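Residue numbers (the numbering used here), protein chains in the order written: chain A, 467 to 769; chain B, 4 to 219.
Yeah, the Cβ is synthetic: ideal placement off N, Cα and C, and Gly gets one too.
The model shown is predicted, which means the values in this text are computed figures rather than measured ones.
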Amino acid sequence: MSEVSLPGATPGSLDAAIREADASKALVSPWLPTRAGKVPGDAEAPQRPLDQGRVKMRSNGLHVSYGTTRAIKGVNLDVLTNEITALIGPSGCGKSTFLRALNRMHDLTPTARIEGVVLLDDQNIYSPGIDLVRLRQRVGMVFQRPNPFPKSIFENVAYGLQVQGNNNPRELAEIVERSLRGAALWDEVKDRLHTSALGLSGGQQQRLCIARVLAVAPEVILMDEPCSALDPIATLKIEQLMEELKRDYTIVIVTHNMQQAARVSQRTGFFLSGELVEIGPTATIFSRPTDKRTEDYITGRFG
Amino acid sequence: MTRDAFHHELRELEESVVQMATLVEAAIASAVQALIQRDIELAQKVIDGDNTVNELQKTIRNKTFGVIARQAPVARDLRELVTIQLAINELERMADHAVSVAKNAIRLAGQPPVKAVINLPEMAKLVRQQVRDAIQAFVDVNVVTAREICARDDEVDHLYRQMFEELLASMRDADNVPQATSLLFVAHDLERVADRVTNICEDVIYMVTGEIEELN
Numbered sequence: 467m468s469e470v471s472l473p474g475a476t477p478g479s480l481d482a483a484i485r486e487a488d489a490s491k492a493l494v495s496p497w498l499p500t501r502a503g504k505v506p507g508d509a510e511a512p513q514r515p516l517d518q519g520r521v522k523m524r525s526n527g528l529h530v531s532y533g534t535t536r537a538i539k540g541v542n543l544d545v546l547t548n549e550i551t552a553l554i555g556p557s558g559c560g561k562s563t564f565l566r567a568l569n570r571m572h573d574l575t576p577t578a579r580i581e582g583v584v585l586l587d588d589q590n591i592y593s594p595g596i597d598l599v600r601l602r603q604r605v606g607m608v609f610q611r612p613n614p615f616p617k618s619i620f621e622n623v624a625y626g627l628q629v630q631g632n633n634n635p636r637e638l639a640e641i642v643e644r645s646l647r648g649a650a651l652w653d654e655v656k657d658r659l660h661t662s663a664l665g666l667s668g669g670q671q672q673r674l675c676i677a678r679v680l681a682v683a684p685e686v687i688l689m690d691e692p693c694s695a696l697d698p699i700a701t702l703k704i705e706q707l708m709e710e711l712k713r714d715y716t717i718v719i720v721t722h723n724m725q726q727a728a729r730v731s732q733r734t735g736f737f738l739s740g741e742l743v744e745i746g747p748t749a750t751i752f753s754r755p756t757d758k759r760t761e762d763y764i765t766g767r768f769g
Numbered sequence: 004m005t006r007d008a009f010h011h012e013l014r015e016l017e018e019s020v021v022q023m024a025t026l027v028e029a030a031i032a033s034a035v036q037a038l039i040q041r042d043i044e045l046a047q048k049v050i051d052g053d054n055t056v057n058e059l060q061k062t063i064r065n066k067t068f069g070v071i072a073r074q075a076p077v078a079r080d081l082r083e084l085v086t087i088q089l090a091i092n093e094l095e096r097m098a099d100h101a102v103s104v105a106k107n108a109i110r111l112a113g114q115p116p117v118k119a120v121i122n123l124p125e126m127a128k129l130v131r132q133q134v135r136d137a138i139q140a141f142v143d144v145n146v147v148t149a150r151e152i153c154a155r156d157d158e159v160d161h162l163y164r165q166m167f168e169e170l171l172a173s174m175r176d177a178d179n180v181p182q183a184t185s186l187l188f189v190a191h192d193l194e195r196v197a198d199r200v201t202n203i204c205e206d207v208i209y210m211v212t213g214e215i216e217e218l219n
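As structure tokens, this is what we get:
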């Protein structure tokens, strides 16, 4: 039996008070474990096969380039119906570029080149002959900064319908109210529908932009960092709203805020350098991701 | 956006767990030594020292909750913090077993040792090595070692059964019954420590892989 020695000073972070108060009583053996470099975990979760019937949008081998810069490199990703899919990753990883490819926003950028396929239901949105107005009505977009038109609240929501040629006042009023209710804004603005939208707070303006998207009855709503210009209360309201919207719509959100992705989404995809590193159920991504790069990013070891 | 301050806190918590484990391992060593050498003073030190272990457990628990509340940890960080909470509970109970051995050491002091006690040092040695190795596996984040330690639990069980039979046999002489009973408790305490080592190894496996495994 080895000799048991009384306490020597052992390095570490015991509360000093405890150490001093109890050092006389403590029995510390000469043994201390050595600290070798940590080795990465060997966790391997098999990718869950997708239920084909639930896929609302799918990208197949999607490449996006700006000039000679390849921003998205062969991404295969499924967006499931009535779910919130969150896309995370460091700045410049391609997550916003990917999001914009889902309703052909890159068509407005002359240097942008798209290869691959993006399916909405069974239709490739990059096929020739696709009606872009119809596509963007089915796949709506909410941007980082609320961008209401310098018009009244009512006109902002009704605008998309009027562009479609709907000028029936009673129908417009109905849809405006339903959309504002859907965006959890009705009670706050119902008495000032004909005042300028620019008089609303940032959070209200963002919900107005969501109402504007809802008015044209979309199937998919894309959100590009919709809360990054909002305070925490307004952020919480948008998050609650998303939870309600997903019953009727399919949502894809790009967010810098990992906790937001963890709170609101059912599935999370991690982008890095234009590639989709990993996508899976949000609870899995934030508790036991498969790829070490995902783990290192979400635990704040790089980024 | 690396989270250096958070990871520094995590490292400090790891150090505290190691510190607690060294105290517990030493307490087991001292308790068995006190029993064998009939050293009442050493046994009393083990009993008095238990408070330090309990206080350390409280401190680590509070700090862990604080880190979880403030830092919203995810993935392997979250699993490590959960593992720390589970492991310090096991360590605290191990220290209680050491106290139980020390109390029996005081009870037995002054009596001539019965033959079966000779297996105790061997059993204590195995158990202490298991405690050390389990904490080493935690520090190294080593699943292979953790599984291997659990596999070694059979040796301790075997020694325990052997001592159990011998002590039972010695009880045929009625004079031996009080002492043999105390020694049975001691052997049982050591056997329980080894079981708790298995629990820590399972926690380490969870920490690394995210899989909950039932070993032994």
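Ranked by Cα distance from residue 151/B, the first of 219/B, 51/B, 19/B, 171/B is 219/B. When 55/B, 200/B, 182/B are compared, the shortest CA-CA separation from residue 109/B is found for 182/B.
Annotation: the continuous beta strand (DSSP E) that includes residue 741/A extends over 741-747.
Membership of residue 112/B in any beta strand (DSSP E) is not indicated, and neither H nor E is assigned to it by DSSP.
Beta-bridge analysis with DSSP links residue 532/A to 535/A, 578/A. Taking all protein chains in view, the Cβ of residue 65/B is surrounded by fewer than 16 other Cβ atoms within 10 Å, so the residue is classified as exposed. Note on residue 616/A: under 16 other CB atoms within 10 angstroms of its CB, so exposed under the neighbour-count rule.
Burial of residue 106/B is indicated by the presence of at least 16 other C-beta atoms within 10 angstroms of its C-beta. The count of Cβ pairs closer than 8 Å, one atom from the region 197-214 of chain B and one from the region 129-140 of chain B, reaches three, so the stretches are in contact. Taking 8 Å as the threshold, the shortest C-beta distance from residue 739/A to chain B does not fall below it.
Nearest neighbour of residue 669/A by Cα position, chosen from 580/A, 707/A, 624/A, turns out to be 707/A.
When beta bridges are read from the DSSP output, residue 552/A appears opposite 719/A, 734/A. For residue 143/B, there is no enclosing beta strand (DSSP E); the residue is found in the alpha helix (DSSP H) stretching over 122-143. For residue 607/A, the enclosing beta strand (DSSP E) has its first and last residue at 605-608.
Contact between residue 731/A and residue 756/A does not hold, since the beta-carbon distance rounds to 17 Å and is not under 8 Å. DSSP places residue 13/B inside the alpha helix (DSSP H), whose first and last residues are 7-39. At a cut-off of 3 residues, not a single continuous stretch assigned as beta strand (DSSP E) sits fully inside the region 40-83 of chain B. With contacts defined as CB atoms closer than 8 Å, residue 564/A and residue 737/A qualify as a contacting pair.
Within chain B, not a single residue places a beta-carbon under 9 Å from that of residue 615/A; the smallest gap is close to 35 Å. One Cα belongs to residue 185/B, the other to residue 93/B, and the distance between them is close to 23 Å.
Interface criterion not met: the Cβ of residue 73/B is under 8 Å from no Cβ in chain A. Distances from the alpha-carbon of residue 142/B to those of 29/B, 155/B, 203/B put 203/B closest.
Annotation: residue 743/A to residue 735/A spans about 8 Å, alpha carbon to alpha carbon.
For residue 698/A, the closest of 558/A, 599/A, 726/A, 711/A by C-alpha to C-alpha distance is 726/A.
Taking C-alpha positions only, residue 137/B is separated from residue 175/B by approximately 39 Å. Note that the region 594-603 of chain A does not touch the region 636-653 of chain A; fewer than 3 beta-carbon pairs, one per stretch, sit closer than 8 Å. With a beta-carbon spacing of about 5 Å, residue 56/B and residue 26/B fall inside the 8 Å limit used to define contacts. Contact residues of the region 75-98 of chain B toward chain A are 75, 76, 77, 78, 79, 80, 81, 82 (C-beta to C-beta distance below 9 Å).
Listed in chain order, the positions of the region 713-728 of chain A with a beta carbon within less than 8 Å of a beta carbon of chain B are 724, 725, 728.
The Cβ atoms of residue 684/A and residue 605/A lie closer than 8 Å to each other.
At least one CB of chain A lies nearer than 8 Å to the CB of residue 5/B. Around the beta carbon of residue 217/B, fewer than 16 other beta carbons sit within 10 angstroms, so the residue counts as exposed.
Three or more Cβ pairs closer than 8 Å define a contact, and the region 706-722 of chain A meets that threshold against the region 549-558 of chain A.
With fewer than 16 other Cβ atoms inside 10 Å of its own Cβ, residue 588/A counts as exposed.
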